[in-house]
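Written out below as structure tokens is the structure these notes cover.
Next comes the structure, spelled out in structure tokens:
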């Protein structure tokens, strides 16, 4: 403060990598210097740290967890996209999108199969003010298994044909058990 009661101040800021130096000089001939350390990292576009595989086959009994993580300055936001470019959202109890970039397809009953959830293509997107990146297509395919609703019984030695409809989306392992219930008779399960 000078004799008139007013304060005159000047300040100088010099920027060095990872450091800001602030010098303040007052008219009262006092000198004040403050060194403020802060992160002034150069902006860096998003890059993937973890990407899911391009093909994921899973069982309705197990479900699957798909991780997608990205880094950058500023920190990018990670989202999942459907084939039409729309954002993937949580869907009933079948699909969950977590804030950390993980997509979870929960175990489900065969009758709860939804093609747009369980046999589709997703992409992971990382975006920030610096840029946007996308993973390659991630093809998801769920195989469903269920117990037979009835047993087939036939006499040994006879030929029996049974048609099974299996779609591409449901290709998996088909297990057939043949048990002899009594001499001359078999049960297919």
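Residue numbers (the UniProt record's numbering): 1 to 189. Note that beta-carbon positions come from the ideal geometry of N, C-alpha and C, so glycine has one too.
Considering only 124, 73, 93 and 108, the residue with the shortest C-alpha distance to residue 41 is 73. Leaving aside the five residues that flank residue 92 on each side, none in its chain has a CB nearer than 6 Å to its CB. The Cβ atoms of residue 83 and residue 113 do not sit closer than 7 Å to each other. Within a 10 Å sphere around the beta-carbon of residue 101 sit 16 or more other beta-carbons, which makes this residue buried.
Around residue 59, the same chain offers 143 as residues with beta carbons nearer than 6 Å, after the five sequence neighbours per side are excluded.
In this structure, residue 125 sits near residue 79, with a CB-CB distance shorter than 7 Å. In this model, residue 53 and residue 131 are separated by some 23 Å (Cα to Cα). Using a 10 angstroms sphere on the CB of residue 66, the tally of other CB atoms reaches 16 or more, which defines it as buried.
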